[in-house]
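Trainee:
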């Protein structure tokens with residue numbers, strides 16, 4: 001810093017901004033990493049195929065979710081079966 | 001038993017190869033038999049940084065494909081005893097880097113070396129994944145800059161999920177942060193992320209801080225690992241880093257702005 005620097009506008013604290021942005025994006029990306037392991041989409045697809053052998057359902061009627069409670073991971077599987085009428089009409 | 005250490009970062013140009021070269025040289029200087037492997041198939045550069053580019057005859061892929069044996073491909077360093085370089089192939093594509101092939105070579109190297117340093121390519125493609133898969137420890141090279149820190153976090157995630165240790169449920173890969181190209185005066189001014197900021201975000205232990213230094217470019221021009229430039233701050237920082245890795249408890253240097261003389265303060269300049 002020379003004597004001439006004193007006449008410039010005060011420096012912006014861009015490092016603080018960098019830190020804040022990084023903390024947000026890193027937390028977000030770590031969250032994604034934990035809540036959906038690599039195998040979830042494939043698991044969902046295969047489950048869908050098995051259920052379809054017996055009941056006609058589509059992609060939106062199956063929900064797979066992995067939750068973490070303390071040290072314990074819970075795999076939640078939710079399949080909405082169609083109404084009786086719908087099933088008959090689809091046959 | 002030999003230790004396999006990957007030098008990785010995700011982002012390119014942050015100082016992986018510079019760190020690999022100096023780290024391996026430092027280990028060898030301290031009497032450990034050390035091999036350093038370039039995993040950047042198609043874009044090899046470790047040979048240039050180590051100054052042995054004209055002595056490359058066979059490479060990593062030749063050994064994997066049984067076209068040469070390991071002793072033919074390993075280049076013995078002329079300056080430091082106990083140091084050997086295994087160059088990457090410049091012509092073949094990365095698909096030649098198979099898990100079985102890499103494992104075979106690492107197992108063979110483990111017979112006669114104390115440390116095996118794997119210089120990862122940038123990115124998270126095959127070369128990078130292969131270089132970290134068999135690692136026991138990792139040096140994550142990061143610059144105090146947003147994209148580098150984010151990519152380092154991504155690599156930490158990969159180390160924790162896709163390394164062999166992770167897959168087999170062994171003790172996780174030991175992660176060390178190497179903060180390179182650090183400029184304390186810019187951090188003091190609030191223009192650059194500080195050491196504490198990066199540590200807080202990444203949450204791993206700090207192995208060393210390498211100050212931004214013109215010596216790094218000068219030594220790469222000459223093909224001399226910067227750790228051999230003993231009078232330079234970057235060289236001294238790498239030397240401390242190696243000692244710390246080997247268990248010495250050394251304080252971190254080069255974290256504060258160097259005091260300038262009256263005239264320099266008045267007229268500026270470095």
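Chains as they are written, first to last, in UniProt numbering: chain A, 1 to 91; chain B, 1 to 270. In this text, a Cβ means the ideal position worked out from N, Cα and C, and glycines have one as well.
#1: Just how far apart, CA to CA, sit residue 114(B) and residue 54(B)?
#2: Please determine, among 2(B), 28(B) and 184(B), the residue with the shortest C-alpha to C-alpha distance to residue 239(B).
#3: Looking only at C-alpha atoms, which of 40(B), 134(B), 37(B) and 76(B) sits nearest to residue 166(B)?
#4: Which runs of the alpha helix (DSSP H) fall wholly inside the stretch 43-74 of chain B and span at least 4 residues, in chain order?
#5: 7 Å is my cut-off, CB to CB: does residue 191(B) come that close to chain A?
#6: Return the bridge partner residues of residue 6(B) from the DSSP annotation.
#7: Can you tell me which of 74(B), 63(B) and 79(B) puts its alpha carbon nearest to the alpha carbon of residue 228(B)?
#8: Under 7 Å, Cβ to Cβ, is there at least one residue of chain B near residue 22(A)?
#9: Taking only the alpha-carbon atoms, compute the straight-line gap between residue 231(B) and residue 213(B) and give it to the nearest angstrom.
#10: In chain order, what residues of the same chain have a beta carbon less than 7 Å from the beta carbon of residue 139(B), not counting five sequence neighbours either side?
#11: Closer than 6 Å by C-beta to residue 65(A): which residues in its own chain qualify, once you throw out the five before and the five after it? Chain order, please.
#12: Provide the residue span of the alpha helix (DSSP H) that contains residue 205(B), from first to last.
#13: Could you name the residues that DSSP lists as bridge partners for residue 32(B)?
#14: Cα-Cα, which of 51(A), 72(A), 30(A) and 74(A) is closest to residue 80(A)?
#15: Residue range of the beta strand (DSSP E) that residue 78(A) falls in?
#16: If I measure Cβ to Cβ from residue 58(B) and keep anything under 6 Å in the same chain, skipping five residues before and after, which residues do I get?
#17: Considering only their Cβ atoms, is the gap separating residue 220(B) from residue 11(B) smaller than 7 Å?
#18: Have a look at residue 36(B) and residue 137(B) and give me their C-alpha separation to the nearest angstrom.
#19: Figure out for me which residue from 26(A), 20(A) and 19(A) has the closest Cα to the Cα of residue 155(B).
Mentor: With the given structure in hand:
#1: Numbered from 1 along the second chain, position 114 holds the residue referred to as residue 114(B). Numbered from 1 along the second chain, position 54 holds the residue referred to as residue 54(B). Approximately 26 Å between the Cα atoms of the pair.
#2: As a position in the second chain, residue 239(B) is number 239, starting the count at 1. Among 2(B), 28(B) and 184(B), the Cα nearest to that of residue 239(B) belongs to 28(B).
#3: By 1-based counting over the second chain, the position of residue 166(B) is 166. Per the Cα distances, 134(B).
#4: 46-50, 60-64 and 70-73
#5: Your numbering for residue 191(B) matches position 191 in the second chain. It does; some Cβ of chain A falls within 7 Å.
#6: On the second chain, residue 6(B) is found 6 positions in, with the first residue counted as 1. According to DSSP, which records beta bridges pairwise, residue 6(B) is partnered with 118(B) and 138(B).
#7: As a working note, residue 228(B) is residue 228 in the second chain. Looking at the Cα atoms, 79(B) is the closest of the given residues.
#8: As a working mapping, residue 22(A) is identified with position 22 in the first chain. Judged by the 7 Å Cβ criterion, residue 22(A) is in contact with chain B.
#9: Position 231 of the second chain, counted from the first residue, corresponds to residue 231(B). Position 213 of the second chain, counted from the first residue, corresponds to residue 213(B). Distance between the alpha carbons of residue 231(B) and residue 213(B) is about 12 Å.
#10: Here residue 139(B) refers to the residue found at position 139 of the second chain. Cβ within range, chain order: 5, 7, 19, 23, 176, 178 and 207.
#11: As a working note, residue 65(A) is residue 65 in the first chain. Contacts found: 76.
#12: As a first step, residue 205(B) must be located in the second chain, where it is residue number 205. Premise fails: residue 205(B) lies in the beta strand (DSSP E), 205-211, not in any alpha helix (DSSP H).
#13: Start at 1 with the first residue of the second chain, and residue 32(B) comes out as number 32. For residue 32(B), which the question treats as bridged, DSSP gives no partner whatsoever.
#14: Position 80 of the first chain, counted from the first residue, corresponds to residue 80(A). Residue 51(A) is the option with its Cα nearest to residue 80(A).
#15: Within the first chain, the letter at position 78 stands for residue 78(A). Looking at the DSSP string, the run of the beta strand (DSSP E) that includes residue 78(A) is 72-79.
#16: Your numbering for residue 58(B) matches position 58 in the second chain. Counting only Cβ-Cβ distances below 6 Å, and skipping sequence neighbours, we find 68, 72 and 73.
#17: As a working note, residue 11(B) is residue 11 in the second chain. As a working note, residue 220(B) is residue 220 in the second chain. Their beta carbons are not under 7 Å apart, which means residue 11(B) does not touch residue 220(B) by this criterion.
#18: As a working note, residue 36(B) is residue 36 in the second chain. As a working note, residue 137(B) is residue 137 in the second chain. For residue 36(B) and residue 137(B), the distance between alpha carbons rounds to 14 Å.
#19: In the second chain, the residue the question calls residue 155(B) occupies position 155. Among 26(A), 20(A) and 19(A), the Cα nearest to that of residue 155(B) is on 26(A).
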